[in-house]
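Using the numbering used here, the first residue of the sequence shown is number 29, and each one after it goes up by one.
C-beta atoms are modelled at their ideal positions from N, C-alpha and C, and glycine is treated no differently.
Contents: one structure, followed by commentary.
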Amino acid sequence: MMKFIHAGLNILAFSFAAVSMVAVFDFHNAQNIPNMYSLHSWVGLAAVILYSLQLVLGLCVYLIPITPLSWRAALMPMHIYSGLFIFTSVIAAALMGITEKLIFGLKDPKYKDSPPEAVFVNVLGVLIGVFGAVILWIATRPAWKRPSEQVLQRLQTDAGLAAGPGAGAAALPQHTERIDLEASGDARRRNGKPEDPGPAN
């Protein structure tokens with residue numbers, strides 16, 4: 029379910045990005061504005077292209093059941109790094125874009141005179157930067173990560189063997205709870221927090 033939610037949100041975001049790209053090129057062509065001449069346009073187009081490749085790779089590798097588990101494990105570090113890199117590129121493109129719009133759009137008063145529009149967009153840029161920093165902080169925290177697919181598969185196999193034939197997934201929740209507790213303990217130790225020793229005997 030988590031994978032489908034993740035994939036669905038990214039497909040929706042890519043749809044918005046594709047519509048936005050078409051709108052930008054149509055607007056530039058209608059106003060006789062050159063395309064792809066600024067750093068903002070270069071970074072933005074590169075982010076959209078990389079995003080499309082990331083989306084296709086993620087759908088093919090992580091949503092197709094026949095993909096070998098070893099492939100998923102091998103590609104996961106690149107998938108995570110690419111996602112963070114693309115997200116950072118989008119933040120950078122947004123900041124460059126709103127600054128570029130102010131420089132070319134504000135004539136009287138000019139951007140350097142700090143009219144209300146300039147102050148508003150500058151504050152918006154700061155908020156975009158803070159948003160990006162918070163998302164990157166969350167995405168890099170071990171405590172927020174779910175167990176790897178190898179752990180989940182081993183968990184399901186161990187639960188089936190422990191319960192015996194006919195039990196199916198009935199024994200999975202208790203086993204899952206124990207693994208979750210162990211994983212949270214590992215996360216606390218990685219974060220430098222001492223593990224709770226529990227009540228004294």
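**OP:** Count the other CB atoms, across all protein chains shown, that sit within 10 Å of the CB of L121; report buried if there are 16 or more and exposed otherwise.
**Re:** Along the sequence shown, read from residue 1 onward, the residue named residue 121 stands at position 93. The residue asked about is misnamed: residue 121 is Ala in this sequence, not Leu. It is buried - the Cβ of A121 has at least 16 other Cβ atoms within 10 Å.
Original post:
Taking DSSP as the reference, what is the three-state secondary structure of T127?
Top reply: Looking up residue 127 in the sequence shown gives position 99. Three-state result, T127: helix.
Original post:
CA-CA distance, H107 and P144?
Top reply: On the sequence shown, position 79 is the one that residue 107 refers to. On the sequence shown, position 116 is the one that residue 144 refers to. Approximately 41 Å, taken between the alpha carbons.
Subject >> Cutoff 8 Å; reference A74; Cβ partners in own chain excluding five residues on either side >> reply: To locate residue 74, count along the sequence shown from 1; it is residue 46. Correct list, in chain order: S117.
Original post:
Would DSSP call M104 helix, strand or coil?
Top reply: Taking the sequence shown and counting its residues from 1, one reaches residue 104 at position 76. Note: M104 maps to helix in three-state DSSP.
Original post:
Helix, strand or coil for G93 per DSSP?
Top reply: Taking the first residue of the sequence shown as position 1, residue 93 is located at position 65. Just to set this straight, residue 93 is Pro in the shown sequence, not Gly. In this structure, P93 counts as coil in the three-state DSSP scheme.
**OP:** Using a threshold of 8 Å, state whether the C-beta atoms of L85 and A35 are closer than that.
**Re:** Along the sequence shown, one-based indexing puts residue 85 at 57. Along the sequence shown, one-based indexing puts residue 35 at 7. Cβ distance not < 8 Å, so L85 and A35 don't count as in contact.
Original post:
Terminal residues of the continuous alpha helix (DSSP H) containing L155?
Top reply: Counting from one through the sequence shown, the residue named residue 155 turns up at place 127. Start and end: P144 to A167.
**OP:** Give the C-beta separation of K31 and Y90 to the nearest angstrom, bearing in mind that I take them to be a contact with Cβ-Cβ under 8 Å.
**Re:** Taking the sequence shown and counting its residues from 1, the one referred to as residue 31 is at position 3. Taking the sequence shown and counting its residues from 1, the one referred to as residue 90 is at position 62. At roughly 6 Å, the Cβ-Cβ gap stays under 8 Å, so K31 and Y90 are in contact.
**OP:** For the alpha helix (DSSP H) containing N13, list its first residue and its last residue.
**Re:** Residue 13 is absent from the model: the chain starts at 29 and stops at 229.
Original post:
Taking buried to mean at least 16 other C-beta atoms within 10 Å of its own C-beta, is S69 buried or exposed?
Top reply: Looking up residue 69 in the sequence shown gives position 41. S69 comes out buried.
Original post:
Considering only C-alpha positions, which residue in the set V71, L112 and P105 is nearest to W165?
Top reply: Taking the first residue of the sequence shown as position 1, residue 165 is located at position 137. Taking only the C-alpha atoms, the option nearest W165 is L112.
**OP:** For G72, count neighbouring Cβ atoms within 10 angstroms of its own Cβ and tell me buried if that reaches 16, exposed if not.
**Re:** As a working mapping, residue 72 is identified with position 44 in the sequence shown. Looking at its Cβ environment, which holds 16 or more other Cβ atoms inside 10 Å, G72 is buried.
Original post:
From A146 to L155, what distance separates their C-alpha atoms?
Top reply: On the sequence shown, position 118 is the one that residue 146 refers to. On the sequence shown, position 127 is the one that residue 155 refers to. Answer to the nearest angstrom: the Cα atoms are 14 Å apart.
**OP:** Can you have a look at V158 and say buried or exposed, based on whether 16 or more other CB atoms are within 10 angstroms of its CB?
**Re:** Within the sequence shown, numbered from 1, the residue matching residue 158 stands at position 130. V158 should be labelled exposed.
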